[in-house]
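Colleague: Chains as they are written, first to last, in my numbering: chain V, 318 to 517; chain E, 318 to 517.
Quick reminder that beta carbons are idealized off the backbone N, C-alpha and C, glycines included.
Here it is, the structure, as structure tokens.
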DNA sequence: TGTACATCAGTGAACGCGCGTTCACTGATGTAC
DNA sequence: TGTACATCAGTGAACGCGCGTTCACTGATGTAC
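Okay, here's the thing in structure tokens:
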């Protein structure tokens with residue numbers, strides 16, 4: 318049965334939201350079209366009307382949405398901190414390396430959750446992922462101390478690698494060796510620029 | 318047809334080798350039992366005689382084998398460098414952040430290739446992964462400067478997070494934004510302890 | 001050492017299952033008058 | 001504003017396909033004599 322255009326848009330958004338969460342939780346191969354649409358309160362039949370590009374198109378849009386949400390979350394964290402004080406960066410790092418982020422990949426950064434999948438899938442998914450990483454590094458660079466744009470971007474890139482790597486490893490070992498997971502996250506925290514000065 | 322016990326062992330090893338490579342290349346969901354055994358020159362029927370635990374058992378053993386190979390490769394790199402000079406660590410870092418490693422996940426470190434899969438799969442796979450990460454960090458710590466064991470281990474953990482994160486991101490964006498991939502890897506290189514002094 | 005036979009590593013067909021995708025259909029929406 | 005009808009968002013059954021796994025069978029190996 319037909320629904321209003323407003324309701325149709327809401328339904329599409331619900332599918333996208335469910336996809337962005339489920340893909341981060343279970344991987345691009347671990348969540349199917351049927352489950353995603355069911356989670357959005359719909360059946361799978363209408364899906365190809367919403368996303369003519371099929372699952373790949375959904376995955377690409379979900380990746381973009383997940384990056385946008387992460388970026389928005391970071392900007393929200395930055396509000397209320399003194400500009401130039403490094404407080405925004407500290408807040409982002411603290412949230413990124415929190416237990417909450419480690420244990421809730423569905424609402425977290427797409428990099429540790431989906432980077433390997435994006436690398437393998439290629440096409441529109443990898444393109445969306447690349448754009449997301451670039452925007453995320455730019456956002457991080459805006460809150461990173463440094464003299465030049467290139468320097469801030471490089472530092473932000475290094476930071477994201479360490480943050481994503483630490484959460485990636487922590488998630489992988491938290492079930493089999495919780496102490497090791499904490500070691501990795503704590504080591505990453507200790508190596509963050511705000512805890513001292515790095516002189517390359 | 319029955320084969321000799323020696324040949325049977327060789328066949329099992331061939332399946333394990335193929336699995337260790339294919340799983341790293343395509344992910345645990347991206348390579349099937351049929352393809353792995355075919356790559357080893359066998360049919361899939363005999364597989365459950367070799368691995369009664371099924372695909373999960375194969376994945377767990379493949380993860381362990383991949384970590385062991387990475388560790389052996391690092392130890393090989395360390396041979397011929399002056400002990401305590403940091404030369405071994407420099408060689409490991411250089412190899413890890415090379416284009417060759419980025420573009421050949423099948424023979425590379427299991428962390429960027431399989432950590433997300435291991436986190437989701439749980440069970441014996443996650444247990445094998447946890448053990449592999451611990452051993453890898455211990456190996457890295459043996460070549461890391463520092464005053465205490467705990468300090469070396471923490472530094473090694475932080476190092477592995479940065480290395481794995483950088484390669485993970487580089488692989489994900491190399492198709493869509495090659496310049497960004499180089500930015501991330503170069504930034505990780507520049508942030509390595511051997512290029513300067515980190516004062517936490 | 002030679003022979004007869006039990007063992008078992010590997011084969012290939014078959015199983016149920018869930019996947020991504022298609023399509024005829026439904027019925028409320030949006031529109032033309 | 002009210003009515004008639006075309007549009008189309010969503011439904012649910014169905015498609016082929018590849019997955020992990022099972023199993024009856026084959027025939028060379030390993031063993032007992």
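Nearest-angstrom Cα distance between residue 277 of chain E and residue 331 of chain V?
Modeller: Coverage of chain E is limited to positions 318 through 517, which leaves residue 277 of chain E absent and any answer about it impossible.
Colleague: Against residue 488 of chain E, what residues of chain V qualify as contacts under a CB-to-CB distance less than 8 Å, listed in chain order?
Modeller: The residue labelled residue 488 of chain E in the question sits at position 171 within the second chain. Those within 8 Å of residue 488 of chain E in chain V are 432, 433, 436.
Colleague: Does the Cβ-Cβ distance between residue 491 of chain E and residue 419 of chain E come in under 8 Å?
Modeller: Mapped onto the second chain, residue 491 of chain E falls at position 174. Mapped onto the second chain, residue 419 of chain E falls at position 102. The answer is yes: Cβ separation under 8 Å.
Colleague: Cα separation between residue 395 of chain V and residue 397 of chain E?
Modeller: Taking the first chain and counting its residues from 1, one reaches residue 395 of chain V at position 78. Taking the second chain and counting its residues from 1, one reaches residue 397 of chain E at position 80. If I take the Cα positions, the gap works out to 49 Å.
Colleague: Please report how far the alpha carbon of residue 508 of chain E lies from the alpha carbon of residue 500 of chain E, in whole angstroms.
Modeller: Within the second chain, numbered from 1, the residue matching residue 508 of chain E stands at position 191. Within the second chain, numbered from 1, the residue matching residue 500 of chain E stands at position 183. In a straight line, the C-alpha of residue 508 of chain E is about 12 Å away from that of residue 500 of chain E.
Colleague: Given residue 378 of chain V, which residues of its chain have a CB within under 7 Å of its CB, disregarding the five upstream and five downstream residues?
Modeller: Here residue 378 of chain V is taken as the residue at index 61 of the first chain, counted from 1. Only 333 meet the Cβ criterion.
Colleague: How many Å lie between residue 459 of chain V and residue 505 of chain V at the Cα?
Modeller: As a first step, residue 459 of chain V is located in the first chain; it is residue number 142 there, counting from the start. As a first step, residue 505 of chain V is located in the first chain; it is residue number 188 there, counting from the start. So the two alpha carbons sit approximately 21 Å from each other.
Colleague: Which same chain residues end up closer than 7 Å to residue 350 of chain E when comparing Cβ atoms and leaving out the 5 residues on each side of it in sequence?
Modeller: Here residue 350 of chain E refers to the residue found at position 33 of the second chain. The answer, listed in chain order, is 361, 364, 372.
Colleague: Pairing CB atoms from the region 464–483 of chain E with CB atoms from the region 480–488 of chain V, are three or more of them under 8 Å?
Modeller: Touching, yes, given that three or more Cβ pairs across the two stretches are closer than 8 Å.
Colleague: Closer than 7 Å, Cβ to Cβ, to anything on chain E: give me those residues from the region 328–347 of chain V, in chain order.
Modeller: Cβ contacts with chain E come from 343, 344, 346, 347.
Colleague: Indicate whether at least one CB of chain E lies closer than 8 Å to the CB of residue 385 of chain V.
Modeller: The sequence position of residue 385 of chain V within the first chain is 68, counting from 1. Judged by the 8 Å Cβ criterion, residue 385 of chain V is not in contact with chain E.
Colleague: 8 Å is my cut-off, CB to CB: does residue 446 of chain E come that close to chain V?
Modeller: Reading the second chain from its first residue, position 129 is the one you call residue 446 of chain E. Cβ-Cβ to chain V under 8 Å: yes for residue 446 of chain E.
Colleague: Residue 430 of chain E and residue 454 of chain E - do their beta-carbons sit closer together than 8 Å?
Modeller: For the purposes of this step, residue 454 of chain E is identified with residue 137 of the second chain, where counting begins at 1. For the purposes of this step, residue 430 of chain E is identified with residue 113 of the second chain, where counting begins at 1. Not closer than 8 Å, so no.
Colleague: With DSSP collapsed to three states, give me the class of residue 479 of chain E.
Modeller: Position 162 of the second chain, counting from 1, holds the residue named residue 479 of chain E. Three-state result, residue 479 of chain E: helix.
Colleague: How should residue 380 of chain E be labelled, buried or exposed, when 16 other C-beta atoms within 10 angstroms of its C-beta is the threshold for buried?
Modeller: As a first step, residue 380 of chain E is located in the second chain; it is residue number 63 there, counting from the start. Answer is buried; the Cβ neighbour count reaches 16.
Colleague: For the alpha helix (DSSP H) that residue 454 of chain E lies in, which residues bound it at each end?
Modeller: By 1-based counting over the second chain, the position of residue 454 of chain E is 137. Element bounds for residue 454 of chain E: 440–459.
Colleague: Return yes when at least one heavy atom of the ligand FAD lies under 7 Å from the C-beta of residue 327 of chain E, else no.
Modeller: Within the structure as shown, the ligand FAD is missing, as the structure has no ligands at all.
Colleague: Report the rounded CA-to-CA distance for residue 374 of chain E versus residue 358 of chain E, giving the unit in angstroms.
Modeller: Counting from one through the second chain, the residue named residue 374 of chain E turns up at place 57. Counting from one through the second chain, the residue named residue 358 of chain E turns up at place 41. Roughly 20 Å between the two C-alpha positions.
Colleague: Starting from residue 492 of chain E, find everything on chain V with Cβ-Cβ shorter than 7 Å and list it in chain order.
Modeller: If you number the second chain from 1, residue 492 of chain E lands on position 175. Those are 439, 443, listed as they occur along chain V.
Colleague: Taking a Cβ distance cut-off of 9 Å, strictly less, list which residues of the region 468–480 of chain E are near chain V, in chain order.
Modeller: Here the close residues are 470, 471, 472, 473, 474, 475, 476, 477, 478, 479, 480.
Colleague: Just by C-beta distance, which residues in the region 363–379 of chain E are closer than 8 Å to chain V?
Modeller: Cβ contacts with chain V come from no residue of the region 363–379 of chain E.
Colleague: For the alpha helix (DSSP H) holding residue 424 of chain E, just list the boundary residues, first then last.
Modeller: Mapped onto the second chain, residue 424 of chain E falls at position 107. Counting along the chain, residue 424 of chain E falls outside any alpha helix (DSSP H), and DSSP gives it neither H nor E.
Colleague: Below 8 Å between beta carbons: does that hold for residue 448 of chain V and residue 338 of chain V?
Modeller: On the first chain, residue 448 of chain V is found 131 positions in, with the first residue counted as 1. On the first chain, residue 338 of chain V is found 21 positions in, with the first residue counted as 1. The answer is no: Cβ separation not under 8 Å.
Colleague: Mapping DSSP to helix, strand and coil, what is residue 399 of chain V?
Modeller: Start at 1 with the first residue of the first chain, and residue 399 of chain V comes out as number 82. Correct three-state label for residue 399 of chain V: coil.
Colleague: Report the rounded CA-to-CA distance for residue 326 of chain V versus residue 413 of chain V, giving the unit in angstroms.
Modeller: Looking up residue 326 of chain V in the first chain gives position 9. Looking up residue 413 of chain V in the first chain gives position 96. Near 32 Å, if we compare the C-alpha coordinates of residue 413 of chain V and residue 326 of chain V.
Colleague: When you compare only the Cα positions, how much space is there between residue 441 of chain E and residue 464 of chain V?
Modeller: Within the second chain, residue 441 of chain E is the residue found at index 124, counting from 1. Within the first chain, residue 464 of chain V is the residue found at index 147, counting from 1. Each residue's Cα considered, the two are about 48 Å apart.
Colleague: Near residue 382 of chain V, what residues of its chain come up, given a Cβ to Cβ distance below 7 Å and the 5 sequence neighbours on each side ignored?
Modeller: If you number the first chain from 1, residue 382 of chain V lands on position 65. Excluding positions up to five away in sequence, the list reads 333, 337.
Colleague: Please determine, among V/434, V/488, V/502, the residue with the shortest C-alpha to C-alpha distance to residue 524 of chain V.
Modeller: Since the first and last residues shown for chain V are 318 and 517, residue 524 of chain V lies out of range.
Colleague: Compute the distance between the beta-carbons of residue 469 of chain V and residue 461 of chain V, then report whether it is under 8 Å.
Modeller: Position 152 of the first chain, counted from the start, is the residue given in the question as residue 469 of chain V. Position 144 of the first chain, counted from the start, is the residue given in the question as residue 461 of chain V. In contact: residue 469 of chain V and residue 461 of chain V (Cβ atoms closer than 8 Å).
Colleague: Quick one: is residue 429 of chain V near chain E, going by C-beta distance under 8 Å?
Modeller: Position 112 of the first chain, counted from the first residue, corresponds to residue 429 of chain V. At least one chain E Cβ lies under 8 Å of residue 429 of chain V.
Colleague: Can you say whether residue 472 of chain V is buried or exposed, counting buried as having 16 or more other CB atoms within 10 angstroms of its CB?
Modeller: Here residue 472 of chain V refers to the residue found at position 155 when the first chain is read from its first residue. Under this definition residue 472 of chain V is a buried residue.
Colleague: Within 10 angstroms of its Cβ, does residue 427 of chain E collect 16 or more other Cβ (buried), or is it exposed?
Modeller: As a working note, residue 427 of chain E is residue 110 in the second chain. By the 10 Å Cβ count, residue 427 of chain E comes out buried.
Colleague: Report back the beta-carbon spacing between residue 425 of chain E and residue 446 of chain V to the nearest angstrom; my notes put them in contact at under 8 Å.
Modeller: As a first step, residue 425 of chain E is located in the second chain; it is residue number 108 there, counting from the start. As a first step, residue 446 of chain V is located in the first chain; it is residue number 129 there, counting from the start. Actually they do not touch by this definition, with Cβ atoms about 20 Å apart.
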